[in-house]
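Here the protein sequences come in this chain order: A and B. For what it's worth, UniProt numbering labels the leading residue of the first sequence as 1, then goes sequentially. For what it's worth, UniProt numbering labels the leading residue of the second sequence as 1, then goes sequentially. Ideal placement from N, C-alpha and C gives every residue a C-beta, glycine not left out. On a predicted model such as this, the values are computed, not experimentally measured, just so you know. Worksheet for the structure shown next.
Protein chains: 2
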Amino acid sequence: MLKALITGGNGFVGRHLQSYLRNTVGEKGEYTISIFDLSMGDDVRNFESIRTRIDQFQPDYIFHLAAQAYVPESTMNPRRGFETNLTGTLNLLEAVRQTGMHSRILVSGTSEEYGYDRDDSELTEESVAKPTTPYGVSKLAATTLCSTYSRIYGINIVVTRAWNHIGPGASPSYAVSAFAKRVAEAEKFGTIINHGNLDAVRNYTDVRDIVRAYRLAIDLESGIYNLASQNTVSTREVLSQLTNMAVTQVQTNENPHLFRQMSNKFPRPNYSKFSKLTGWEPKFQMKETLLDTLDFWRDAV
Amino acid sequence: MLKALITGGNGFVGRHLQSYLRNTVGEKGEYTISIFDLSMGDDVRNFESIRTRIDQFQPDYIFHLAAQAYVPESTMNPRRGFETNLTGTLNLLEAVRQTGMHSRILVSGTSEEYGYDRDDSELTEESVAKPTTPYGVSKLAATTLCSTYSRIYGINIVVTRAWNHIGPGASPSYAVSAFAKRVAEAEKFGTIINHGNLDAVRNYTDVRDIVRAYRLAIDLESGIYNLASQNTVSTREVLSQLTNMAVTQVQTNENPHLFRQMSNKFPRPNYSKFSKLTGWEPKFQMKETLLDTLDFWRDAV
Chain A
1 MLKALITGGN
11 GFVGRHLQSY
21 LRNTVGEKGE
31 YTISIFDLSM
41 GDDVRNFESI
51 RTRIDQFQPD
61 YIFHLAAQAY
71 VPESTMNPRR
81 GFETNLTGTL
91 NLLEAVRQTG
101 MHSRILVSGT
111 SEEYGYDRDD
121 SELTEESVAK
131 PTTPYGVSKL
141 AATTLCSTYS
151 RIYGINIVVT
161 RAWNHIGPGA
171 SPSYAVSAFA
181 KRVAEAEKFG
191 TIINHGNLDA
201 VRNYTDVRDI
211 VRAYRLAIDL
221 ESGIYNLASQ
231 NTVSTREVLS
241 QLTNMAVTQV
251 QTNENPHLFR
261 QMSNKFPRPN
271 YSKFSKLTGW
281 EPKFQMKETL
291 LDTLDFWRDA
301 V
Chain B
1 MLKALITGGN
11 GFVGRHLQSY
21 LRNTVGEKGE
31 YTISIFDLSM
41 GDDVRNFESI
51 RTRIDQFQPD
61 YIFHLAAQAY
71 VPESTMNPRR
81 GFETNLTGTL
91 NLLEAVRQTG
101 MHSRILVSGT
111 SEEYGYDRDD
121 SELTEESVAK
131 PTTPYGVSKL
141 AATTLCSTYS
151 RIYGINIVVT
161 RAWNHIGPGA
171 SPSYAVSAFA
181 KRVAEAEKFG
191 TIINHGNLDA
201 VRNYTDVRDI
211 VRAYRLAIDL
221 ESGIYNLASQ
231 NTVSTREVLS
241 QLTNMAVTQV
251 QTNENPHLFR
261 QMSNKFPRPN
271 YSKFSKLTGW
281 EPKFQMKETL
291 LDTLDFWRDA
301 V
């Protein structure tokens, strides 16, 4: 039996990873999974909390997903982001180091570490990280710490930097999930969809492709690996695809109060380093992901 | 009167900065200086401690020097380094943000943010930061946070990245100060100087040139500025200069137990960005600095 500990295991990505591992047979048989999550009273900000779990569970794999991941909150309250994202990662790494565990660790970094408004045509793992948000800074600090820990203490730590991931179960704080929810509501209640500027371009990967990548990534050598897809599209395109899927006519309305200032530059994510090593490519088409997300909200609203 | 708050104000650099400011007349007359230092019960790790001081003192300038700066300790106890260097900086920036103060801030970063064992021929502010030690990571996280705070919240924050600074009053934990102390002891007691490998090349600036640079830097625009000198020399050269200054014959002895593994690569620090903007160049010759350091230990041992 392979033992996998998932921090933030009840979050959006954590739940998908749980389900992926439960449906996958590891090389030593099925996975025994231990969930470490704030919703269950576990807190990575508390060293003893994570240390005790690691000491008792003795994980082969640690998927460290626990994070304060909502960017606007990180700007309002940078301290919470730092405590969770950086101190939380430090606590986890220290717990592994101090207990002498030989767990392989995956730490989920983010494309936000590279920052916005930059002139590069594409972003590889070698691109200079210039985070634009406290969230990005906290994650860059955490992932830089990982590189240092693997070098100094010989711990195997894989860092992934994923671009936006979407799919069923995502919080409606995020644009794509919010749009899907509003389309589901519009179908049911005939509501109008208010939106701001739709020019922002982002790169989207299905969360189920992401968790499959995590499982592959954790067996790689220590290092940083970009995760992304070919789906670099505007928010306009996302909203249009979703409204086209609606079973009723859906009315959208541009509301200037919802406008946010944003950069139109968007360097292409390069994830060939990971792809070449593992053969991984996203399996889900954007259309399928959006439909599954819409169906999720159709059930929920 | 210009009001200057110095965190870590009783440390090696802090004491030199105090003395520099006390002997310099600011544009609005003399400086009123407030010292914030662990030796006086002040702790940047405690938000209320630094917030209260800033709120009450209302500084025009904040020189943020408080740090856990001894690299071997940062490797033994990364948590303390992170709490002091990163959380401490976060607390200071949050205190300024939350009190709405318009203080200009200087945060002392370090060349350790660039890391060792790299192939560059020289290091500018644009070079990729790849810290090799927990100390370097903690400082990189702090200085990246500074860039984010100046961008998001409009706070003026200057980050300096200085290479090794030396001079009278430095802790004998550091090689140059340790050698000077041993030479002073050898002169007095006839002791033999044991040393490890002397091949490590470093760049040295007199601490008095550094604090003069801090005073110039804090009036610049937000950004990162390298501080260094032309003195890139081996530890062998430093020891040899010091023993040549001794008034007695000093015997040195290579001790294999003191050998440490180190990289021989040492990219040249480029500090022309700062030099061009301010006209600053180091005034102290290496010889003068070493003699003053030796004299300091002659008085102390």
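Backbone CA spacing between residue i and residue j [nearest angstrom]
| i | j | result |
| --- | --- | --- |
| residue 233 of chain A | residue 32 of chain B | 56 Å |
| residue 290 of chain B | residue 60 of chain B | 34 Å |
| residue 101 of chain B | residue 56 of chain A | 48 Å |
| residue 4 of chain B | residue 229 of chain B | 26 Å |
| residue 192 of chain A | residue 38 of chain A | 36 Å |
| residue 221 of chain A | residue 92 of chain A | 19 Å |
| residue 271 of chain A | residue 165 of chain A | 14 Å |
| residue 78 of chain B | residue 135 of chain B | 7 Å |
| residue 223 of chain A | residue 129 of chain B | 16 Å |
| residue 131 of chain B | residue 266 of chain B | 14 Å |
| residue 125 of chain A | residue 182 of chain B | 46 Å |
| residue 73 of chain B | residue 7 of chain B | 20 Å |
| residue 28 of chain B | residue 156 of chain B | 20 Å |
| residue 68 of chain A | residue 167 of chain B | 44 Å |
| residue 247 of chain B | residue 170 of chain B | 22 Å |
| residue 110 of chain A | residue 254 of chain B | 48 Å |
| residue 377 of chain A | residue 292 of chain A | Any question about residue 377 of chain A goes unanswered here, given that chain A covers just 1 to 301. |
| residue 35 of chain B | residue 16 of chain A | 52 Å |
| residue 205 of chain A | residue 227 of chain A | 8 Å |
| residue 257 of chain A | residue 175 of chain A | 16 Å |
| residue 301 of chain B | residue 177 of chain B | 13 Å |
| residue 112 of chain B | residue 133 of chain B | 8 Å |
| residue 151 of chain B | residue 75 of chain A | 12 Å |
| residue 25 of chain A | residue 58 of chain A | 19 Å |
| residue 194 of chain B | residue 252 of chain B | 6 Å |
| residue 52 of chain A | residue 186 of chain A | 48 Å |
| residue 148 of chain B | residue 127 of chain A | 18 Å |
| residue 297 of chain A | residue 66 of chain B | 51 Å |
| residue 97 of chain B | residue 153 of chain B | 7 Å |
| residue 180 of chain B | residue 242 of chain B | 7 Å |
| residue 262 of chain B | residue 71 of chain B | 14 Å |
| residue 49 of chain A | residue 63 of chain B | 37 Å |
| residue 236 of chain A | residue 200 of chain A | 8 Å |
Partners in chain C for residue i, counting only beta-carbon separations shorter than 8 Å
| i | result |
| --- | --- |
| residue 86 of chain A | As a matter of chain content, chain C is missing from the structure shown, whose protein chains are A and B. |
Endpoints, beta strand (DSSP E) assigned at residue i
| i | result |
| --- | --- |
| residue 197 of chain A | That residue, residue 197 of chain A, is in no beta strand (DSSP E); it is neither H nor E in DSSP. |
| residue 7 of chain B | 2-7 |
| residue 254 of chain A | 252-254 |
For residue i: DSSP bridge partner residues
| i | result |
| --- | --- |
| residue 165 of chain A | A:205 |
| residue 11 of chain A | DSSP output for residue 11 of chain A lists no bridge partner at all. |
| residue 226 of chain A | A:161 |
| residue 63 of chain B | B:6 and B:106 |
| residue 31 of chain B | B:2 |
| residue 36 of chain A | A:7 |
| residue 26 of chain A | A:29 |
| residue 210 of chain A | In the DSSP output, where bridge partners are listed per residue, residue 210 of chain A has none listed. |
| residue 193 of chain A | A:252 |
| residue 269 of chain A | A:123 |
Continuous alpha helix (DSSP H) stretch holding residue i: start and end
| i | result |
| --- | --- |
| residue 301 of chain B | Segment: none, residue 301 of chain B is in no alpha helix (DSSP H) and carries neither H nor E. |
| residue 54 of chain A | 47-57 |
| residue 234 of chain B | Not the alpha helix (DSSP H): residue 234 of chain B falls in the beta strand (DSSP E), residues 232-234. |
| residue 153 of chain A | 134-153 |
| residue 274 of chain B | 272-278 |
| residue 71 of chain B | 71-76 |
| residue 284 of chain B | Where residue 284 of chain B is concerned, there is no enclosing alpha helix (DSSP H), given that its DSSP letter is neither H nor E. |
| residue 189 of chain A | 175-189 |
Of all the residues that make up the stretch 151-163 of chain A, which are near chain B by a beta-carbon distance shorter than 8 Å?
Within the stretch 151-163 of chain A, the residues whose Cβ lies closer than 8 Å to any Cβ of chain B are, in chain order, 151 and 152.
Length at least 4, wholly inside the stretch 83-122 of chain A: the alpha helix (DSSP H) runs in chain order:
Counting whole runs of 4 or more residues, the stretch 83-122 of chain A contains the alpha helix (DSSP H) stretches 88-99.
Interface positions of the stretch 116-128 of chain B facing chain A (Cβ-Cβ less than 7 Å), listed along the chain:
Those would be 128, in chain order.
Please list the residues of the stretch 179-203 of chain B that have a C-beta atom closer than 7 Å to any C-beta atom in chain A, keeping them in chain order.
Residues passing the 7 Å Cβ filter: none.
Could you list the residues in the stretch 248-273 of chain A with a C-beta less than 9 Å from some C-beta on chain B, going in chain order?
Of all residues in the stretch 248-273 of chain A, none is placed with a Cβ closer than 9 Å to any Cβ belonging to chain B.
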